[in-house]
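Numbering (my numbering), first residue to last: 386 to 501. Data block below; observations after.
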């Protein structure tokens, strides 16, 4: 199967996980079945300046981010650091994270949520 970029569903989430602003999600899959029931999200996240995803803890799943473009502030289980294009973050079950664009440039992230 091939899904062209213009066939991907785009959605907008305001205050995602109590974060600031609106996050654009370009969803590469239409549901968990396309990940063989092993996950629930495979998307490109677009974080405009000042926007982000609030701190949240993963229970029963893990979330991985691949930073495609830009630099963001990332909370790794409460430890704040910078992540930039080419970096990968992994938030395993029972741990928490957040990501916020505090720059003047757009940040793009590939996000994958997989079940335990």
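Note that beta-carbon positions come from the ideal geometry of N, C-alpha and C, so glycine has one too. Given the structure is predicted, the values throughout are model-derived calculations rather than measurements.
Beta-carbon contacts of residue i that lie in its chain and below 7 Å, excluding the five residues immediately before and after
i	result
residue 460	440, 482 and 483
residue 470	452, 453, 454 and 455
Start and end residues, beta strand (DSSP E) containing residue i
i	result
residue 394	394-399
residue 448	446-454
residue 443	That residue, residue 443, is in no beta strand (DSSP E); it is neither H nor E in DSSP.
residue 468	464-469
Residue i, DSSP secondary structure in three states
i	result
residue 496	strand
residue 418	helix
residue 402	helix
residue 412	strand
residue 481	strand
residue 390	helix
residue 472	coil
residue 437	strand
residue 488	coil
Own chain partners of residue i with C-beta closer than 6 Å, once the 5 adjacent residues on each side are dropped
i	result
residue 462	480 and 481
residue 490	455
residue 416	none
residue 402	438, 439 and 441
residue 398	408
Rounded C-alpha distance that separates residue i from residue j
i	j	result
residue 427	residue 466	24 Å
residue 475	residue 499	11 Å
residue 395	residue 431	11 Å
residue 493	residue 386	25 Å
residue 418	residue 425	8 Å
Own chain residues within Cβ distance below 8 Å of residue i, not counting five before or after
i	result
residue 488	434, 455, 456 and 457
residue 436	404, 405, 406, 407, 408, 485 and 486
Problem - Contact the segment 442-450 vs the segment 393-410: 3+ CB pairs below 8 Å - result: No, the segment 442-450 is not in contact with the segment 393-410.
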